[in-house]
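>
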Amino acid sequence: MSSVHPVTDPNTWGAGIDEAVNAISRGGLVVLPTDTVYGIGADAFDAEAVAALLAAKGRGRHMPPPVLVPDARTLDGLATDVPDAARRLVEAFWPGGFTIILRAQPSLAWDLGEMHGTVALRMPDHPAALALLRRTGPLAVSSANATGRPAALDVDDARAQLGEAVAVYLDGGAATGGVASTIVDATSDTLRVVRQGAVTLDRLREVADVAGPDDPPADAQTADDAGEPEANGG
Numbered sequence: 000m001s002s003v004h005p006v007t008d009p010n011t012w013g014a015g016i017d018e019a020v021n022a023i024s025r026g027g028l029v030v031l032p033t034d035t036v037y038g039i040g041a042d043a044f045d046a047e048a049v050a051a052l053l054a055a056k057g058r059g060r061h062m063p064p065p066v067l068v069p070d071a072r073t074l075d076g077l078a079t080d081v082p083d084a085a086r087r088l089v090e091a092f093w094p095g096g097f098t099i100i101l102r103a104q105p106s107l108a109w110d111l112g113e114m115h116g117t118v119a120l121r122m123p124d125h126p127a128a129l130a131l132l133r134r135t136g137p138l139a140v141s142s143a144n145a146t147g148r149p150a151a152l153d154v155d156d157a158r159a160q161l162g163e164a165v166a167v168y169l170d171g172g173a174a175t176g177g178v179a180s181t182i183v184d185a186t187s188d189t190l191r192v193v194r195q196g197a198v199t200l201d202r203l204r205e206v207a208d209v210a211g212p213d214d215p216p217a218d219a220q221t222a223d224d225a226g227e228p229e230a231n232g233g
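Numbering that gives the first Met the number 0 numbers the first residue of the sequence shown as 0 and each following residue consecutively.
(1) Using alpha carbons as the reference points, say which of Ala51, Thr135, Val140 and Asn144 lies closest to Pro64.
(2) DSSP puts Arg25 in a beta bridge; with which residues?
(3) Using alpha carbons as the reference points, say which of Val178, Arg133, Leu28 and Ala43 lies closest to Lys56.
(4) For the stretch 145-165 against the stretch 106-117, are there 3 or more C-beta pairs whose distance is under 8 Å?
(5) Hey, Gly40 and Val198: beta-carbon distance below 8 Å or not?
(6) Would you mind working out which of Pro32, Ala164 and Ala103 sits nearest Ala145, comparing C-alpha positions?
(7) Tell me, which residues are paired with Pro5 by DSSP?
(8) Whole angstroms is fine: what's the gap from Leu161's alpha carbon to Ala143's?
(9) So within the stretch 43-85, which uninterrupted alpha helix (DSSP H) runs reach at least 4 residues, ignoring any that extend past its ends?
(10) In angstroms, rounded to a whole number, what distance separates the CA positions of Thr234 and Met0?
(11) How would you label Ala14, buried or exposed, when you count the other beta carbons within 10 angstroms and need 16 or more for buried?
(12) Check each candidate in Ala22, Ala174 and Val209 and name the one with the smallest Cα separation from Thr33.
(13) Have a look at Ala108 and Ala46 and give me their C-alpha separation to the nearest angstrom.
(14) Quickly, what does DSSP pair Phe97 with across the bridge? List them, please.
(15) Over the uninterrupted beta strand (DSSP E) stretch that includes Thr135, give me the two end residues.
(16) Provide the residue span of the alpha helix (DSSP H) that contains Ala207, from first to last.
(17) Within 10 angstroms of the Cβ of Pro215, are there 16 or more other Cβ atoms? Answer buried if so, exposed if not.
(18) Determine the DSSP secondary structure at Leu190, reduced to helix, strand or coil.
(19) Note the first and the last residue of the continuous beta strand (DSSP E) segment covering Val154.
(20) Among Ala103, Pro9 and Asp42, whose alpha-carbon lies nearest the alpha-carbon of Asn21?
Structure representation (structure tokens):
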């Protein structure tokens, strides 16, 4: 049976974080608050757990979940050939509502779905999410909703949509962001927004040369080719 734990106070959330860590280590699913929307997470390196995440959402392997990380230092362990412009964007907008699609490290033993050699990475700006990530390491996290429905903005909504498929629900109150992260594809010569969200294109362009989603493509790469997430755990 699923359990629910409040994680609004760092002084009292220890038991809830412990329970979530234990669930992740057993291959279970956890719903967690982020700075954007609620997310459903699994161990990024446990293929069966990731498959269970996709099944809980009613989502196919053609839409692999993004990966949430505890800090920017994790970037080079999970991605390769990171452009300087992408690093500047990460430095400017992590932690926060910004997801970057990069070439995945080919040596990593993971299966997030049909990744096409890419991975979407984000560092959330939420204390409870970061507390969990520091204990578990990278988590595959997608928005906490059944595919085709709006992302959950509180635990009650997440439970109504995902039910007993989730082992542990971490209740951080109402999501304060409410807007999914902006996604930038950095796997080709031209950095391009493939989903507009929390970080505006104008803010991105203050840091790096980024094409908008409607700008003419510089090459044949498309968002689907890069494994664009439906929504990232925020």
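Don't be surprised by glycine CBs; every beta carbon is placed ideally from N, CA and C.
This structure is a prediction, so every number in the text was calculated from the model and none was measured.
The short version:
(1) Val140
(2) The partner list for Arg25 (beta bridge, DSSP) is empty, contrary to what the question assumes.
(3) Leu28
(4) At 8 Å Cβ cutoff, the stretches do not touch.
(5) no
(6) Ala164
(7) According to DSSP, Pro5 shares a beta bridge with Asp170.
(8) Straight-line measurement puts the Cα of Ala143 at about 8 Å from the Cα of Leu161.
(9) 46-56 and 74-77
(10) An answer regarding residue 234 cannot be provided, because it is not within the stretch 0 to 233 covered by the chain.
(11) exposed
(12) Ala174
(13) 9 Å
(14) Thr181
(15) Per DSSP, Thr135 belongs to no beta strand (DSSP E); it is in the alpha helix (DSSP H), Pro126 to Thr135.
(16) From DSSP, Ala207 is part of no alpha helix (DSSP H); its letter is neither H nor E.
(17) exposed
(18) Per DSSP, reduced to three states, the secondary structure at Leu190 is strand.
(19) Element bounds for Val154: not the beta strand (DSSP E) but the alpha helix (DSSP H), Val154 to Leu161.
(20) Asp42
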